[in-house]
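Heads up: the structure comes next, in C-alpha cells.
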Amino acid sequence: MADFGDNSSRQAEEHDGTNSRNVPEPLCGADDEPGVTVPREIWSSNQDQKRKLVLHVDLNNTILVSDAVTGEGTVSALDYFLSTVTWGKMSKHGKWEWLSDSPSLLPPCPDAVSYYSQFGRTYSFTSAAGRRFRGVLDEHLNLLRWPEGVKGDKELSIKGEDGRLYHWILPSFFQLLRDLVQEGREFAILFRTFGTDLPRVLRAVDKALNEGVHPLFPDLPDLKLNVNMTPGKIRCSKRGIVLSRAEARVSTQDGERALYQYFNSVQGLGGFQDHFDWWVSHTYSIHGGKPLWVDPFDQSVQHIFIDDNIRQNDKDTIVYPKVFLSPGGDETRTASTSELYDVTLVQTDLLRAISDPNYFTHRVRICLENYERNLQQGSD
Numbered sequence: 001m002a003d004f005g006d007n008s009s010r011q012a013e014e015h016d017g018t019n020s021r022n023v024p025e026p027l028c029g030a031d032d033e034p035g036v037t038v039p040r041e042i043w044s045s046n047q048d049q050k051r052k053l054v055l056h057v058d059l060n061n062t063i064l065v066s067d068a069v070t071g072e073g074t075v076s077a078l079d080y081f082l083s084t085v086t087w088g089k090m091s092k093h094g095k096w097e098w099l100s101d102s103p104s105l106l107p108p109c110p111d112a113v114s115y116y117s118q119f120g121r122t123y124s125f126t127s128a129a130g131r132r133f134r135g136v137l138d139e140h141l142n143l144l145r146w147p148e149g150v151k152g153d154k155e156l157s158i159k160g161e162d163g164r165l166y167h168w169i170l171p172s173f174f175q176l177l178r179d180l181v182q183e184g185r186e187f188a189i190l191f192r193t194f195g196t197d198l199p200r201v202l203r204a205v206d207k208a209l210n211e212g213v214h215p216l217f218p219d220l221p222d223l224k225l226n227v228n229m230t231p232g233k234i235r236c237s238k239r240g241i242v243l244s245r246a247e248a249r250v251s252t253q254d255g256e257r258a259l260y261q262y263f264n265s266v267q268g269l270g271g272f273q274d275h276f277d278w279w280v281s282h283t284y285s286i287h288g289g290k291p292l293w294v295d296p297f298d299q300s301v302q303h304i305f306i307d308d309n310i311r312q313n314d315k316d317t318i319v320y321p322k323v324f325l326s327p328g329g330d331e332t333r334t335a336s337t338s339e340l341y342d343v344t345l346v347q348t349d350l351l352r353a354i355s356d357p358n359y360f361t362h363r364v365r366i367c368l369e370n371y372e373r374n375l376q377q378g379s380d
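Residue numbers (full-length UniProt numbering): 1 to 380.
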C-alpha cells in the first residue's frame, strides 16, 4: 500500500467545530456535531491492537495551555487560541465581519479567514474584538481549574494571571495513558515541541506517573510507565536531518529508514525539541516542519502526530510527513497534510481536549480505524 486512501468518512465526525454551549450556531453553514461518547472498548480490531503505537505529541495548545517562550499564562494562551479558531472576512468597505459565532478548527465558509490570520496575535482578544467569545473562554477556564481544596503542585499546577490555580497538563492526556495501558496496547509517547517547556513536562509527567500525586489520577503509578528524562534534539539543514539524545545520534546520512527505525524502537515516554528556526526559514510551511516518517507498508507500527498547528494548508502547517515509497526501501516522498489527516496527523481541538476527558483517546481511535482501513484496501 504505497498511498493512503480517502479518510474523509471519519474526518467529518468531529472536525467541523469546537462547539461550546454558550454561543449560537454558526451563521454560514457549519454543521457542528455533538461530542461523541467513547465506548470502553476503544480499539477497532484485533489486528490493530497488535500494532505498536508511537504518538508524537506537541505541547503548547495541545496538552499545555501556556507558553514559556511567549510568557503567556493559562488565561492569555487560551484567549489567543480562540483568535485562531474564530472566523470572519473583510467587507467591501474594509470592515471586519464575523461569519460564525462558534469556534471551529475549520472555516465555516470557503471565504472565511481566522481573526488571527487577518490581524495577527491579539492580546485580550475576548475583551475587545472577540468579546462575543468571552463565554467560551470563561467556560473552558473553569473546566481547567485545579480541584478546589487541593493544594497546588509546583510541577502539575500553574497559577493563572487571574490568581486561580489551573491544571498545567490537560487531564485528557493522562486519561489517554490510562486507556492505552488498560487496553493492553504497546505504545510510546514522544513529546515534540519547538519551545522550552520540555524539561519541565518530563519532570511533571514523571512525578505524576511515579509518585501518585495527581488529584484526578492517583493510580497512575499502577500503569508502570517509564519516562526518559533526557530531552533530545532534532536539527535540520540543507545537508539533512540529525536526531540526538544522550549518546544516540542518527541522521538522514544514515538513510531515512534509520530515523524511522529509531522512532519505532523508543519505549515509554520522552521528548525532542524540534528546529523552530528551520520552520521559520521555510515560512512556516510543510517542508520546514517537524519531520515524521511514515511507512504505509508496515503493519507492526503506526505513528500518529498530534499538534494544534497541523492544518490542511501545506503552506501553513507544522509537520513534514515523509512517506516511504516501497517496503523496506529508503526513498520517501512528501505527503500532503490532507492525505494523512486523521490517519497519522491529528489537528488538536484544544477546546474539546479541555472539555472532553476522552478527547485524545477518541482521536487515536479514529486514526487506528482509518489506518486499518487503508491497510485492508491496500491488500485487496
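Just so it is clear, CB atoms sit at the ideal spot from N, CA and C, and this is done for glycine as well.
Problem set entry | Option in 317, 136, 90 and 50 with minimal Cα separation from residue 119 | Minimum Cα distance to residue 119 is reached at 90.
For this session: Evaluate residue 362 with the Cβ neighbour count: other Cβ atoms within 10 Å of its Cβ, from every protein chain shown; 16 or more gives buried, anything less gives exposed.
Result: With 16 or more other Cβ atoms from the protein chains shown falling within 10 Å of its own Cβ, residue 362 counts as buried.
Problem set entry | Cα-Cα separation, residue 313 to residue 65 | Distance between the alpha carbons of residue 313 and residue 65: 24 Å.
For this session: State the CB to CB distance for the pair residue 366 and residue 62, rounded to an integer number of angstroms; the pair is presumed to be in contact (CB under 8 Å).
Result: About 16 Å separates the two Cβ atoms, so there is no contact after all.
Exercise. What is the DSSP secondary structure of residue 224, reduced to helix, strand or coil?
Worked result: Of the three classes helix, strand and coil, the one that applies to residue 224 here is coil, per DSSP.
Problem set entry | Three-state secondary structure (DSSP) of residue 375 | Residue 375: helix per DSSP, three-state reduction.
Exercise. Straight-line CA distance for residue 23 to residue 374?
Worked result: With a pLDDT of 43 at residue 23, under the threshold of 50, the predicted position of this residue should be treated as unreliable, and no value is reported.
Exercise. Helix or strand or just coil, what does DSSP make of residue 169?
Worked result: Note: residue 169 maps to strand in three-state DSSP.
Exercise. Between residue 336 and residue 325, what straight-line distance do the alpha-carbon atoms span, to the nearest angstrom?
Worked result: Answer to the nearest angstrom: the Cα atoms are 14 Å apart.
Problem set entry | Reduced DSSP secondary structure (H/G/I, E/B, other) of residue 109 | Correct three-state label for residue 109: coil.
Exercise. Ends of the beta strand (DSSP E) at residue 232?
Worked result: Looking at the DSSP string, the run of the beta strand (DSSP E) that includes residue 232 is 232-237.
Problem set entry | Cβ-based burial, residue 267 [other Cβ within 10 Å; buried from 16] | Exposed, since its Cβ has fewer than 16 Cβ neighbours within 10 Å.
Exercise. Do residue 315 and residue 281 come within 8 Å of each other at the CB atom, strictly closer than that value?
Worked result: The answer is no: Cβ separation not under 8 Å.
For this session: Flag this pair as touching only if the stretch 66-78 and the stretch 205-214 have three or more C-beta atom pairs under 8 Å; answer yes or no.
Result: Judged by Cβ distances under 8 Å, the stretch 66-78 makes no contact with the stretch 205-214, as fewer than three pairs qualify.
For this session: Could you please give the first and the last residue of the uninterrupted beta strand (DSSP E) stretch that includes residue 72?
Result: It is not in any beta strand (DSSP E) - residue 72 carries neither H nor E in the DSSP assignment.
Problem set entry | Collapsed DSSP secondary structure at residue 82 in the structure displayed | Collapsing the DSSP output to three states places residue 82 in a helix.
Problem set entry | residue 206: first and last residue of the uninterrupted alpha helix (DSSP H) it sits in | Boundaries of the alpha helix (DSSP H) harbouring residue 206: 198-211, taken from the DSSP string.
For this session: Give the secondary structure of residue 292 by DSSP, where H, G and I count as helix, E and B as strand, and everything else as coil.
Result: In the structure shown, residue 292 falls within a strand segment according to DSSP collapsed to helix, strand and coil.
For this session: Starting from residue 273, follow its DSSP beta bridges and name the residues at the other end.
Result: DSSP, once it has assigned bridges, lists 193 and 233 as partnering residue 273.
For this session: Give me the Cα-Cα distance between residue 33 and residue 104, rounded to the nearest whole angstrom.
Result: Here the model assigns residue 33 a pLDDT of 39, short of 50, so the residue's position is not dependable, and the following value carries that caveat. In this structure, the CA atom of residue 33 is about 11 Å from the CA atom of residue 104.
For this session: Check each candidate in 243, 304, 276 and 143 and name the one with the smallest Cα separation from residue 196.
Result: Nearest in C-alpha terms to residue 196, of all of 243, 304, 276 and 143, is 276.
Exercise. Three-state secondary structure (DSSP) at residue 347?
Worked result: It is a strand residue.
Problem set entry | Span of the beta strand (DSSP E) around residue 56 | Looking at the DSSP string, the run of the beta strand (DSSP E) that includes residue 56 is 52-57.
Problem set entry | Own chain, CB closer than 8 Å to residue 223, minus 5 neighbours either side, in chain order | Correct list, in chain order: 177, 178, 181 and 209.
For this session: Taking the CB atoms as reference points, tell me whether residue 264 and residue 319 lie closer together than 8 Å.
Result: No.
Exercise. Of the choices 78, 154 and 88, whose alpha-carbon is the least far from that of residue 127?
Worked result: It is 78 whose Cα lies nearest to the Cα of residue 127.
Exercise. Secondary structure at residue 130, three-state DSSP: helix, strand or coil?
Worked result: In this structure, DSSP gives residue 130 a state outside helix and strand, which the three-state scheme calls coil.
Problem set entry | residue 256 (DSSP reduced to helix, strand or coil) | Correct three-state label for residue 256: helix.
For this session: Determine contact between the stretch 238-254 and the stretch 190-204, defined as no fewer than three beta-carbon pairs at a distance below 8 Å.
Result: Put simply, the stretch 238-254 does not touch the stretch 190-204. Fewer than three CB pairs are less than 8 Å apart.
Problem set entry | DSSP bridge partner residues for residue 89 (one or two, in chain order) | Residue pairing of residue 89 in beta bridges, as defined by DSSP: 97.
Problem set entry | First and last residue of the uninterrupted alpha helix (DSSP H) at residue 312 | According to the DSSP assignment, residue 312 belongs to no alpha helix (DSSP H), since it is labelled neither H nor E.
For this session: For residue 117, count neighbouring C-beta atoms within 10 Å of its own C-beta (all shown protein chains included) and say buried if the count is 16 or more, exposed if not.
Result: Under this definition residue 117 is an exposed residue.
For this session: Mind checking which residues open and close the beta strand (DSSP E) that includes residue 326?
Result: No beta strand (DSSP E) contains residue 326, which DSSP labels as neither H nor E.
Exercise. Can the beta-carbon of residue 323 be found less than 8 Å from the beta-carbon of residue 333?
Worked result: Yes, they are a contact pair.
Problem set entry | Contacts around residue 160, its chain only, beta-carbon distance under 6 Å, and the 5 residues preceding and following it disregarded | Taken in chain order, the residues that qualify are 73, 74, 75 and 166.
Exercise. Does DSSP put residue 240 in a helix, in a strand, or in coil?
Worked result: Three-state DSSP puts residue 240 in a strand.
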